[in-house]
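See below for the structure under consideration.
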Amino acid sequence: MKVVFVVFIFLFLSACASKSGFEPYEATPGNEKTEAMSYKIEEGDFSLSGPDVGESYPGEAELKSDFYGYLKDSIDERGVDGESYTLRVSVEWERRMSGIKKDSVFSSAVCRFNSEIIKNGEVVAVDYGDPLNADSAKYNNKNFFNNLKRMADTLTQSGDADSEQREMKRCAMLLVERLPK
């Protein structure tokens, strides 16, 4: 009986714990969500790493443009486009290649991001990670079938620039899914 009581108290206190309203983002000290959230994008840094693949794949400037375009599209699709908050996202895109010929086809990517939600020039919440390779149930379930597709592209040597664009679009979509509404 004592164990049940202790568990009940723990659950009660957990439910009463203060939340900022920005979850899963981490609120900066003293900030709480006070209104419905909509976002305008402020481009942050974008860097490309990985093997040099020549002209058959887009360069850093093209990938940056594509990523922020996908991010804007995902925000529009989720219905959180607006002006109440600024979303600044910086991305480190790591292209991974494989193949019989050195680095011949796209196989996967790492999409490390740092994201800040800004209100009136002040950062109110932050988030970071890599949604393509996140180790959580939510992302693992979403990544399972996509990982099979990536493995098939690698095994059949069919990964190409379109495969990379698909990964980039998915990264932007998963990032936007994390945004508080």
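If you use this note's numbering, the sequence shown corresponds to residues -7 to 173, in order. In this text, a Cβ means the ideal position worked out from N, Cα and C, and glycines have one as well.
*Taking the alpha helix (DSSP H) that residue 153 falls in, what are its first and last residues?*
Note, residue 153: alpha helix (DSSP H), 153 to 169.
_Buried or exposed, going by whether 16 or more other CB atoms sit within 10 Å of the CB of residue 57?_
Exposed, since its Cβ has fewer than 16 Cβ neighbours within 10 Å.
*Leaving out five residues before and five after residue 13 in sequence, what residues of the same chain have Cβ atoms less than 7 Å from its Cβ?*
Answer for residue 13: 24, 25 and 172, listed in chain order.
_Closest to residue 118 by C-alpha separation, out of 79, 54, 125 and 65, would be which residue?_
79
_Classify residue 22: buried if its beta carbon has 16 or more other beta carbons within 10 angstroms, exposed otherwise._
exposed
*Assign residue 123 to one of two classes, buried (16 or more other C-beta atoms within 10 Å of its C-beta) or exposed (fewer than that).*
buried
*Mind listing, in chain order, the continuous alpha helix (DSSP H) runs of no fewer than 4 residues lying wholly within the region 10 to 88?*
52 to 70
*Is it buried or exposed for residue 100, if we count other Cβ within 10 angstroms and need 16 for buried?*
buried
*Check whether the Cβ atoms of residue 59 and residue 83 lie closer than 8 Å to each other.*
yes
*Taking the DSSP output, what are the residues bridged to residue 90?*
97
*On a CA-only basis, which of 29, 75, 104 and 90 is nearest residue 38? Give me that one, please.*
104
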